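Below: one structure, written as structure tokens.
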Amino acid sequence: SQTIHQWPATLVQPVGSPLSLECTVEGTSNPNLYWYRQAAGRGLQLLFYSVGIGQISSEVPQNLSASRPQDRQFILSSKKLLLSDSGFYLCAWSVEFHSNQPQHFGDGTRLSIL
Amino acid sequence: GESVGLHLPTLSVQEGDNSIINCAYSNSASDYFIWYKQESGKGPQFIIDIRSNMDKRQGQRVTVLLNKTVKHLSLQIAATQPGDSAVYFCAENIEGYQKVTFGTGTKLQVIP
Chain W
424 SQTIHQWPAT LVQPVGSPLS LECTVEGTSN PNLYWYRQAA GRGLQLLFYS VGIGQISSEV
484 PQNLSASRPQ DRQFILSSKK LLLSDSGFYL CAWSVEFHSN QPQHFGDGTR LSIL
Chain U
30 GESVGLHLPT LSVQEGDNSI INCAYSNSAS DYFIWYKQES GKGPQFIIDI RSNMDKRQGQ
90 RVTVLLNKTV KHLSLQIAAT QPGDSAVYFC AENIEGYQKV TFGTGTKLQV IP
């Protein structure tokens with residue numbers, strides 16, 4: 424069966440520090456991969472998605488970036504964090520080439536910026 | 030722009046009763062709909078989905094109804110249990126698009 428892992432589960436970072444959140448998927452090949460951010464009590468905002476290695480689509484201009492160095496690895500990064508980057512970050516995967524398939528989410532990273 | 034929204038932000042239900050969570054969508058081109066359950070501190074969990082060529086689909090204790098005429102989606106939970114307490118999101122997708130649009134969520138509170 425397929426599994427998705429995100430780490431760390433929680434992270435506290437000072438303003439201006441760099442960020443690297445990692446997500447890996449097991450049990451499937453060539454998945455579509457997604458990064459979302461969720462503010463407290465709100466819905467999900469799509470940040471990036473990827474349909475293959477090295478292919479990244481950005482949905483919201485901001486100081487975050489994403490990379491996909493391997494088929495089942497998706498990384499969310501920032502060179503300098505802002506206070507507004509605080510939130511709950513979720514990684515998700517779905518079956519390749521099929522848009523009418525559900526996305527499956529990891530358990531998220533709670534990021535607090537001080 | 031087009032969006033997916035929910036009628037009720039919070040729904041309180043007595044344990045054992047049935048729950049109905051509603052969702053309105055505005056993009057008539059959407060042809061695939063999903064319901065997710067999100068417990069506190071966790072990622073959304075897939076519950077059930079439905080394609081636009083159907084108007085009803087049943088799972089274990091859950092039923093999704095789709096009314097394309099009025100662009101309305103609902104999730105029915107039978108015999109609601111305390112473990113059903115969570116935030117429920119509806120989401121929509123269009124064939125050929127990789128992105129899914131999520132609603133803002135409804136919080137379901139089960140009263141013991």
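Chains W and U, in that order, give the protein sequences.
Residue numbers for the first sequence follow this note's numbering, so the first one is 424 and each next one is one higher.
Residue numbers for the second sequence follow this note's numbering, so the first one is 30 and each next one is one higher.
Ideal Cβ placement from N, Cα and C applies to all residues, glycine included.
In this text the structure is predicted, and so the values were computed from the model without any measurement.
Bounding residues of the beta strand (DSSP E) (the contiguous stretch that carries Val-555 (chain W)) = Within the shown structure, residues of chain W are numbered from 424 to 537, placing residue 555 (chain W) beyond reach of any answer.
Between Asp-46 (chain U) and chain W, is there a C-beta pair that is closer than 8 Å?
-> no
Give the interface partners of Asp-146 (chain U) over in chain W, defined as CB-CB distance under 9 Å, in chain order.
-> Because residue 146 (chain U) is not part of the residues shown, which for chain U are 30 to 141, the question remains open.
Are the region 130-140 of chain U and the region 40-49 of chain U touching by the rule of at least three beta carbon pairs closer than 8 Å?
-> yes
Listed from N- to C-terminal order along the chain, which residues in the region 447-473 of chain W have their beta-carbon within a distance smaller than 7 Å of any beta-carbon of chain A?
-> The structure shown contains no chain A; its protein chains are W and U.
My guess is that Leu-104 (chain U) and Tyr-117 (chain U) are in contact by the Cβ rule of under 8 Å, so how many angstroms apart are they, rounded?
-> 6 Å
Can you list the residues of chain U that Leu-499 (chain W) reaches, using a CB-CB cut of under 9 Å?
-> By Cβ distance, chain U contributes nothing, its closest Cβ being about 14 Å from Leu-499 (chain W), past 9 Å.
Touch check for the region 517-532 of chain W and the region 121-133 of chain U: three-plus C-beta pairs under 8 Å?
-> yes
For Leu-434 (chain W), name the three-state secondary structure that DSSP assigns.
-> strand
Chain U beta carbons: is any one of them nearer than 8 Å to that of Gly-510 (chain W)?
-> No, Gly-510 (chain W) does not count as interfacial toward chain U.
How many angstroms separate the CA atom of Leu-470 (chain W) from the CA atom of Val-483 (chain W)?
-> 6 Å
For Val-93 (chain U), the first and last residue of its enclosing beta strand (DSSP E) = For Val-93 (chain U), the uninterrupted beta strand (DSSP E) segment begins and ends at 91-96.
In chain U, what lies closer than 9 Å to Leu-505 (chain W) by C-beta?
-> Within 9 Å Cβ-Cβ: nothing; Leu-505 (chain W) doesn't reach chain U, min ~24 Å.
Just the Cα atoms here: how many angstroms apart are Ala-107 (chain U) and Leu-94 (chain U)?
-> 14 Å
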